[in-house]
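So the protein lines, in turn, are chains H and A.
Mapped onto this note's numbering, the consecutive letters of the first sequence carry residue numbers 7 to 201.
Mapped onto this note's numbering, the consecutive letters of the second sequence carry residue numbers 7 to 201.
Each residue gets a CB set at the ideal place from its N, CA and C atoms; glycine is no exception.
Here the structure is a predicted model, which means the values were calculated and not measured.
Protein chains: 2
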Amino acid sequence: MVYSLILSNIAKHIQLTKKEEDLFLSLLEEKKIRKKQFLLHENEISKFTAFVNKGCLRSYSIDRNGFEHILQLAPPNWWIADLHSLISKQPAKLNIDALEDSELLLLYREDHEKLFSDVPKFERFFRILTENAMAATHSRLLDYMGLNAQERYEGFCNRYPSLMRSLPQKQIAAYIGVTPEFSSKMKADLLRKQK
Amino acid sequence: MVYSLILSNIAKHIQLTKKEEDLFLSLLEEKKIRKKQFLLHENEISKFTAFVNKGCLRSYSIDRNGFEHILQLAPPNWWIADLHSLISKQPAKLNIDALEDSELLLLYREDHEKLFSDVPKFERFFRILTENAMAATHSRLLDYMGLNAQERYEGFCNRYPSLMRSLPQKQIAAYIGVTPEFSSKMKADLLRKQK
DNA sequence: GCAATTTCTTAACCTAGATTATTAGTAAAC
DNA sequence: GTTTACTAATAATCTAGGTTAAGAAATTGC
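Structure, rendered in structure tokens:
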């Protein structure tokens, strides 16, 4: 497993000494999971945050009618967790599984806390990380509130062209909040329009 | 203006010395605004975070059809800002105004940064604050994706009974994402059901 | 205290997107 | 290399919630 990705991810916001870097890396657990395997099941208590080195994960909830709604997609260089379960130590409402064979680095909550007290700079790093994630989630919520399905679909194409290519379109539908049937219709309409 | 509310808000997560407390309070700017006055206009660059001591604010965006969508409601003891504009220094996509006459404490971004370097504990405080806000926003996004209007309406009644009483119902409609007309219909249906 | 504005209610009608069903393509498993 | 299981396309039908309109009630301002 390579650590260059996670170290450059961190170096964007804080500078670590060699010693701090080593401490941090020593806390990480490497994990490989195969497509469709779960990292977290609903009702479990989430014990770690995962950094995606390779592959792609998703977190999603299942509604009363059995439909999946994707809260987060995590391609390489992203962090993913059930934040609510992690901080409240309550059972997760989310599932997290792999959309492709993936390589992860896990940071367990207790080590995470230890890291915060040993290297306070990490408070800063995760404060900034969470602020950015918050701003992104705000913008997604506003899209849900103010845009129609076609606009959300086009927004996704523009923002995540590589996911657009790598993910099955039913996953994209579950992310933008439409049925796969309607997503297929929008795709056909778009193609027709472009010609 | 009283500082007890903001100090207890902070004391929930970090302990400050008297000196740190004084430094923090010295950075705050008191501001009173009247109902309907703006704290931030779309396209301005957001320069501060506001803590609500009294009253109630909202942040919202206006969609292409002129409809308002409320991103956040901030009753007393809550923080509010256009986070995206604040961290990216880009023009705000949100408006922030007062739903009632309100008393605020403003923390300007430059003082905020100063606070982070002078008292690193505040990194921790705002990290935790943002994590909690993130978890709340996740849950709200999942509600948008998986619940129908009636369920979101009932969810709001249960979670925020006091806002339910103090806010005009068109604001509640703009928060849960329905038209005022449909919100009125749901209210009538609920009353009928309860009898 | 009254006029002006804003908010709320009700109801008829409309539409974006869901549902259901069928058929076809694609990839994985044996 | 054929069976099994996902994944996608298309189309007919249905419905939750939006739109429009018009009157009633509540607030606000002077």
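Kindly give me the distance between the Cβ atoms of residue i and residue j, rounded to whole angstroms, as I take these residues to be in contact under 8 Å.
i	j	result
F125/A	E26/A	Checking the sequence shown, residue 125/A turns out to be Val, not Phe. The pair is a contact, with the Cβ atoms about 5 Å apart (cut-off 8 Å).
F44/H	I102/H	7 Å
R115/A	F54/A	6 Å
R146/A	L11/H	Incorrect: roughly 31 Å between the Cβ atoms, too far for contact.
A139/H	M140/A	6 Å
Measuring alpha carbon to alpha carbon, tell me which residue in the options is nearest residue i.
i	options	result
K18/H	F132/H, L197/H, R158/H, A179/H	F132/H
A87/A	E36/A, L112/A, D69/A	L112/A
I39/H	C163/H, A180/H, R165/H, S108/H	S108/H
V8/H	K60/H, K42/H, L29/H, T23/H	K60/H
G72/A	K24/A, A180/A, N138/A	A180/A
C163/A	L153/A, N138/A, I178/A	I178/A
D28/H	K41/H, L13/H, K42/H	L13/H
D117/A	S32/A, S189/A, E157/A, T23/A	S32/A
S190/A	E36/A, A155/A, P167/A	A155/A
P167/H	K41/H, K42/H, P81/H	P81/H
Would residue i pass as a contact of residue j if the rule is Cβ separation under 7 Å?
i	j	result
L46/H	A104/H	no
E119/H	R130/A	no
Y159/A	M192/A	yes
L100/H	S67/H	yes
T136/A	T143/H	no
K199/A	P186/A	no
I20/H	K127/H	yes
G152/A	D69/H	yes
Could you pull out every residue in the same chain whose Cβ sits closer than 7 Å to the Cβ of residue i, ignoring the five residues on either side in sequence?
i	result
L34/A	L111, L112, L113
S52/A	L46, A87, D88, S91, L92, A98
W84/H	V58
E50/H	P97, A98
E74/A	Y66, I68, A180
With a CB to CB cut of under 8 Å and the five nearest residues on each side skipped, what residues in its chain are close to residue i?
i	result
L173/H	C62, L79, L105
M170/A	F162, C163, I178
N15/H	F57, N83
I134/A	H19
E48/A	S67, I68, P97, A98, K99, L100, N101
L121/A	L29, F30, L33, L113, F128
F188/A	A155, A179
Counting only the same chain and skipping the five closest in sequence on each side, list residues whose C-beta sits under 6 Å from that of residue i.
i	result
R64/A	I76, L79, L105
K41/H	A104, E106, D107
K37/A	L110, L112
T23/H	none
DSSP state of residue i, grouped into three classes?
i	result
A139/A	helix
N71/A	coil
A80/A	strand
N101/H	strand
A56/A	strand
R4/H	As displayed, chain H neither begins before 7 nor continues past 201, which places residue 4/H out of reach and without an answer.
Y150/H	helix
K38/A	strand
L173/H	coil
Y159/A	helix
L13/A	helix
L196/H	helix
Y166/A	coil
I20/A	coil
E116/A	helix
E48/A	coil
E129/H	helix
E27/H	helix
E109/A	strand
Would you say the beta carbon of residue i is closer than 6 Å to some non-hydrogen atom of the ligand FMN?
i	result
A180/A	Annotation note on the ligand FMN: not contained in the displayed structure, which lists no ligands.
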